[in-house]
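This report concerns only the one structure given below.
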Amino acid sequence: MNRIISSTILAAAAALAGCDQSDHNLSATGPYDPQANAAANAAAVTLPPAIAASKAYRCKDNSLVYIDWYSDGSARVKASRTEAGTPVPAPTPDAAEPSPLTGSATATSITYNGKTCHL
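In our numbering, the protein residues as written are 2 to 120.
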């Protein structure tokens, strides 16, 4: 019985001996950052627009057009799913030349370079 109690006490003492007994002072300043001022004075970062929809359209000449619609109204038109594609900026009312793409992510038909295409 004494052997069990003494071995239990010895195990508890060994477990507690591994604990760090130093004071833990937390500081709001943290470690020195040499670029803290540069980061604080940097311009705000604007993220690229998110993809709102990716759709495939079939045109009247039986070709396929893949369009990634972005959240800012712009689009990326591709001839295949793996192609990088051609960016098409969002239409503006005061544009000097018309956009090659008419339609939106919610429309069932679009016109691209004079070709009418539908979902």
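For glycine and all other residues, C-beta sits at the position ideal for the given N, C-alpha and C.
Is the Cβ-Cβ distance between residue i and residue j less than 8 Å?
i: residue 92; j: residue 100; result: yes
i: residue 50; j: residue 73; result: yes
Identify, in the order they occur along the chain, each residue of the same chain with its Cβ nearer than 6 Å to the Cβ of residue i, setting aside the five sequence neighbours on each side.
i: residue 68; result: 56, 76 and 78
i: residue 103; result: 112
i: residue 110; result: 119
i: residue 106; result: 53, 54 and 70
Let me confirm a value: residue i is counted as buried when at least 16 other C-beta atoms fall within 10 Å, else exposed. Which label applies?
i: residue 33; result: exposed
i: residue 66; result: buried
To the nearest angstrom, how far is the alpha carbon of residue i from that of residue j?
i: residue 6; j: residue 14; result: 12 Å
i: residue 108; j: residue 54; result: 11 Å
i: residue 114; j: residue 39; result: 46 Å
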